[in-house]
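Below: the structure, in structure tokens.
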């Protein structure tokens with residue numbers, strides 16, 4: 642079982658950008674910790690939201706916009 646993030650535009654369309662990291666994680670916790678450390682860089686690179694994937698199954702989607 643592998644965990645990864647899919648980077649998306651605000652409308653949910655996946656971004657095809659070779660500049661964005663393609664990390665694979667062995668646990669959900671590792672994937673979520675990594676996102677916590679890197680979300681601002683991802684947002685600056687054009688990702689507006691991310692979806693956590695367990696293998697190919699979408700677990701949840703989260704916005705990368707800062708809360709007011």
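Residue numbers (the working numbering): 642 to 709.
Glycine is no exception: its CB is placed at the ideal position from the N, C-alpha and C atoms.
Leaving aside the five residues before and after residue i along the sequence, list all residues of the same chain whose C-beta is less than 7 Å from its C-beta, in chain order.
i, result
"residue 675", "664, 666"
"residue 605", "What the structure shows of the chain is the stretch from 642 to 709, and residue 605 is not part of that stretch, so it cannot be assessed."
"residue 668", "644"
Helix, strand or coil: which one does DSSP assign to residue i?
i, result
"residue 674", "helix"
"residue 697", "coil"
"residue 706", "coil"
"residue 649", "strand"
Report yes if the CB atom of residue i is closer than 8 Å to the CB atom of residue j, and no otherwise.
i, j, result
"residue 680", "residue 661", "no"
"residue 658", "residue 687", "yes"
"residue 697", "residue 650", "no"
"residue 645", "residue 684", "no"
Which same chain residues end up closer than 6 Å to residue i when comparing Cβ atoms and leaving out the 5 residues on each side of it in sequence?
i, result
"residue 700", "693"
Under 7 Å from any heavy atom of the ligand ATP, does the C-beta of residue i make it?
i, result
"residue 702", "Of the ligands one can find in the structure shown there are none, so the ligand ATP has no counterpart to examine."
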